[in-house]
Amino acid sequence: MSWEVLPVEVPGRGTENVSLELLPTEVPGVNPENMSLELLPTEVPRVEPENISLELLPVEVPGVDSENRSKGFLPMEELGADPENMSKGFLPMEELGVDPENMSKGFLPMEESGLYPENMSKGFLPMEESGLYPENMSKGFLPMEEPGVDPESMSKGFLPMEETEVYPANMSQDLLPMEVPETLYYMNKGMNMIPSNALEDGNSGLGSLGDGERQKRKDDSTGPDQGDFKIESSPCYLLTVRIIRMRNLQRVDALSQADCYVSLWLPTATCERSRTKTVRNSDNPVWNETFYFRIQSQVKNVLEITVYDEDFATPDDHLLCALFDTAKLTLEKTVILCFRPSPNAKEELEVEFKLEVASGPHETIASNGVLVCRELCCLEVEVAEKTKQKSKKELSLTVKGSFEGTQDIVLGPNGVVSPSCPTEFHYIKYAEPTLDVMLPKKRRYHPWSCRYSTETGSPVVMLNSLPMGRKTTIAEEKRFDLNVTAKACNCSCHQDLDMRFGFSLCSEEMAFLGKRKRYVASALKNVFHLPHDLQDQEVPVVAIITTGGGLKSMTGLYGSLMGLKKLNLLDCITYISGLSGTTWTMANLYRDAYWSQKDLDSHIGEAQKQATKCKMGCFSMDRMKYYNKQLCQRKEEGYRTSFIDLWGLMIEYLLNDGKDPHKLSEQQEALCDGQNPLPIYVSVCVRDSYSTNDFKEWVEFTPYEVGLLKYGAFVRTEHFGSEFFMGRLLKKLPESRICYLQGMWSSIFSVNLLQIWGLSHSSEDFWKRWTQDRIDEVDEDPVLPTRPHELRTRMYTPPGPLSNALRGALTDRFSVAQHHNFLKGYQLHNNYMENEHFCRWKDTVLDSRPNQLMQNPDQMGMIDAGFFINTSSAPLLRPQREVDVIIYLSYTTGSHTSSLDKACKYYSEQKIPFPTISLTDEDKKNLKECYIFQDSDLPGCPIVIFLPLVNDTFQEYKAPGVKRCCSEMEGGQLDLTSSCSPYCMFSVRYTDENYRKLLNLSEYNILNNSEMIMQALQTAMQRRRQKMC
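Residue 358 in this note's numbering sits at position 358 of the sequence shown, with consecutive numbering throughout.
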């Protein structure tokens, strides 16, 4: 038998059809001496899948004598090989007469080479020699070594999947298909291993990769592993849009007819806006122009069709804008629709649509039902200089819609190129991307005019036309060549996302809950003197939520925790959530890894020292220099600085003696054994030109991760602020110190005029006509059949100049914390409006406008959650946390019931279980220290223990049941509500006496209502037991 690399010649097949893949056994009519152990005929007549050995044994072929089988294959035990001497069924034995030194090492997975059978495909044996290890094998690569394949495009002997058009979703996790089809398909370059119809939903025997696969981070740390996302192979569609005509156009200009054109925008397909030609002076313009869009079938694609009247001196007039959901279209069917601004309008725009399956391979996407993560490619651009430059030249490169956007390459004298490494662009593979190049200007002398002229070159390259993995020269200049290489992104595997992609709790929090239950169960047993230990299912989840209020809320929370500590109830708490001033208390406590297991006097004493010190040093010259230095350093690190960062540095001075180096992720140390409750810090994400009531999205911060509840997207806490694109961490920034986060969590500078109006009038309805977009639902003609996930066709009317100016004045905020948007690049799933997790938090005016909702800016604006309903309860009402009891601590300066009423109304509108608040007007005027609200008939509804910071019985009692004497009455007098109160929200300094009074009051209110708190905990335990029955 020959050991040379020769193509196998199969009867009736040319060598060009032979796959360079694996080793079958002998084939009828093939001389064994001509068979190469490096090659494989891809189709064997009459070979059935069930006859193929899954242990790399030679295939039984009818008519082939077993004695003539090649002994270069893996012998069976019946061939006389001693199983004990076989390497797990993979190595032939020397006693069979085969000399191992003469065998092709490319097919021997020897243990001493580091290759183990469990890491290999059961049906195949694709290995190089000893330098190749399983962890270096790419799951998207085929084990080949094909003559004529550029080695630069091969990964250590593995042919990239693009070269064979085999994609990961079509492949087994063991690198190759697990089953061999009845007919073995050719693996030649450019052909599919599996027929395309086998990849359609319901027809694939391979299926998608498992939901919630464990993700591995680039830094080798354990990444999020509980994302409930799904990886699947999804087809792309070709959307054909023909703009036909406009009828009965109303005259806009008094002196002339309209000069109309139509603009089309489909951001999920391309970043470029398309437009028709302009038809001059016509009330019934006809365009008859066709446009094509390649769209992903699992993405919500809403086409915006806008008619403009072109003006030369002023901005073009907006005449009509239709928002059309392409999910309404039926595959392979042409339909002509007419859009009218209103049902009775005579104006109508006539458009023809056709949707068909696009040619080419399916796209591998990942989705959690709300967001869709698509495939990425990476473009490398490098300059090859031919001669040295005499002066500095600049190249400007732009890939619209990419992570990088626009980048410059500087060609300096003496052959210096900046940057020295290739310039990279990360872009969505199937989004029709282009590379726009602005070449250096050239000066040319024209002797006939004795003048110089300047010429610029601007080539445009369609990136999808570039061969994958091959260097291509796109511009040849006298002094340099511009070369580009398009390749699959190293982080293109959806299982290697750098963020958690799901609605479940992260693995770290789940592990914490298991440990915390031991503390809670032990504490409950001691408090209630239970005769037996509680089972895990019997242990209730108790959470503390707070309201904001500056220094008042910080001091009040210290007192409340002290009261719970004295009742031995602090170990019964699983979560503490905070916003505004209560985050100051939480951040200080969690510096101590075992704070709740110790006496709190030392922490309270330190807080008193900071609360009572003079704050004028905050504005000293040395401090100003420190602020400037820190902000410059933060900017150099890659952050966009704002006044909120300066406010965070001022808070650092207010609460500390010096620089506070602590970071939020470091608080994980205080949770490692479940010894403390899990802290949750709350903020809301806002948008420019929208009031907080119109647009806000809840953001939660824990020591483990930061995420948006509505989208199920979470990043590790140490990566918050870094730059992401399509779920991949592309530029890591140092983690922010916690003082910058405190500036965001407790910013009083993010207020706008509309917020101030709402505080005084409790309603913004009067201004909504000025601050909200006008969107009207209409029916297209003819009316298309509707399905639940489809969006109705809408007509958008933009505001006029006066409305825009007034809207800006009302909604502009003085300053907002800016952080890099970790949702950048994501698109919405076609069924996102039907997703229960999204609907739970669907409360913005943009939720039904996906183009605007996911028009992700580079920066994400976040403000103090107190500007919405002043409560930190939202993250605790996630159903995954299963909170049974909420201890609601209100420290607000205004009405204590206002935030509670707003929270109750909000959760009722969102259909989130929350008890009804039943307080009369008389109750609200004369609040007591404690109330319990519950609704046993509402599944999943927590018990709410409402503890407003009011001075009721504390005036006469210094401790529960201990009356004050005459000399002690002064200690019970606190002014908490008047405008001259020392405890107003803007007060940043207390006297020692005022601090102690407030601390004692908040502690007393807890101790004096211990029976009601105990009663609520007992009720929660009873409910838990009933669920077990």
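Positions of the beta carbon are idealized from the N, C-alpha and C atoms, including for glycine.
Since the model is a prediction, treat every value here as computed from it, not as a measurement.
- Within the model, the alpha-carbon separation for Phe867 versus Ser747 is close to 9 Å.
- Within 10 angstroms of the beta-carbon of Ser683 lie 16 or more other beta-carbons, which makes it buried.
- DSSP places Ile604 in the helix class (H, G or I) of the three-state scheme.
- With contacts defined as CB atoms closer than 9 Å, Thr398 and Thr406 qualify as a contacting pair.
- Within the same chain, and ignoring the five residues on either side of Phe814 in sequence, the residues whose Cβ sits closer than 6 Å to its Cβ are Phe749.
- DSSP places Phe946 in the strand class (E or B) of the three-state scheme.
- As the crow flies, the alpha-carbon of Gln955 is around 27 Å from that of Asp599.
- Annotation: Leu551 is outside any beta strand (DSSP E); the continuous alpha helix (DSSP H) that includes it extends over 551 to 566.
- The residue from Ile305, Thr364, Pro285 with its alpha-carbon nearest to that of Phe229 is Thr364.
- Taking a 10 Å sphere around the C-beta of His529, we find fewer than 16 other C-beta atoms and assign the residue as exposed.
- Put simply, the backbone Cα of Glu968 is about 21 Å away from that of Tyr983.
- For the pair Asn483 and Glu432, the CB atoms are not nearer than the 9 Å cut-off.
- Across the set Arg294, Ser642, Leu323, the C-alpha of Leu323 shows the shortest separation from the C-alpha of Ser848.
- Assignment of Trp287 by DSSP, reduced to helix, strand and coil, places it in the strand class.
- Taking Cys271 as the centre and dropping the five residues before and after it, the same chain places the C-beta of Lys400, Gly401 closer than 6 Å to its C-beta, in chain order.
- Under the three-state reduction of DSSP, Trp841 is assigned to coil, being neither helix nor strand.
- Under the DSSP definition of a beta bridge, Met468 partners with Ala486.
- In this structure, the straight-line span from the alpha carbon of Phe720 to that of Leu730 is close to 13 Å.
- Counting along the chain, the unbroken alpha helix (DSSP H) around Met510 starts and ends at 507 to 528.
- CA-CA distance, Leu570 to Ala543, rounds to 10 Å.
- Residue burial annotation: Lys905 is exposed, with fewer than 16 other C-beta atoms found within 10 angstroms of its C-beta.
- Just so you know, the alpha carbons of Val279 and Asp408 end up roughly 39 Å apart.
- Excluding residues up to 5 positions away in sequence, Gly617, Tyr653 lie with their Cβ nearer than 7 Å to the Cβ of Arg623 in the same chain.
- Counting other Cβ atoms within 10 Å of its Cβ, Gln667 reaches 16 or more and is therefore classed as buried.
- Contact holds between the stretch 560 to 569 and the stretch 1002 to 1018, because three or more Cβ pairs, one in each stretch, are under 8 Å apart.
- Within the same chain, Thr398, Val460 come within 6 Å of Asp436 by CB-CB distance, once the 5 residues on both sides are set aside.
- For the pair Lys902 and Phe986, the Cα-to-Cα distance works out to about 23 Å.
- For Thr334, the pairing in a beta bridge is given by DSSP as Lys354.
- Judged by DSSP secondary structure, Lys635 falls within the alpha helix (DSSP H) whose first and last residues are 621 to 637.
- In the assembly as shown, Phe619 is an exposed residue. Its beta-carbon has fewer than 16 other beta-carbons within 10 Å.
- When the Cα atoms are used, Ala959 and Glu929 turn out to be separated by approximately 14 Å.
- A buried status is given to Pro703, since no fewer than 16 other beta-carbon atoms sit within 10 Å of its beta-carbon.
- Shown here, Asp975 sits in coil according to DSSP, grouped into three states, outside any helix or strand.
- By the CB criterion at 9 Å, Gly605 and Val988 fall outside the cutoff.
- Judged by DSSP secondary structure, Cys904 falls within the alpha helix (DSSP H) whose first and last residues are 896 to 909.
- Boundaries of the beta strand (DSSP E) harbouring Gly578: 575 to 578, taken from the DSSP string.
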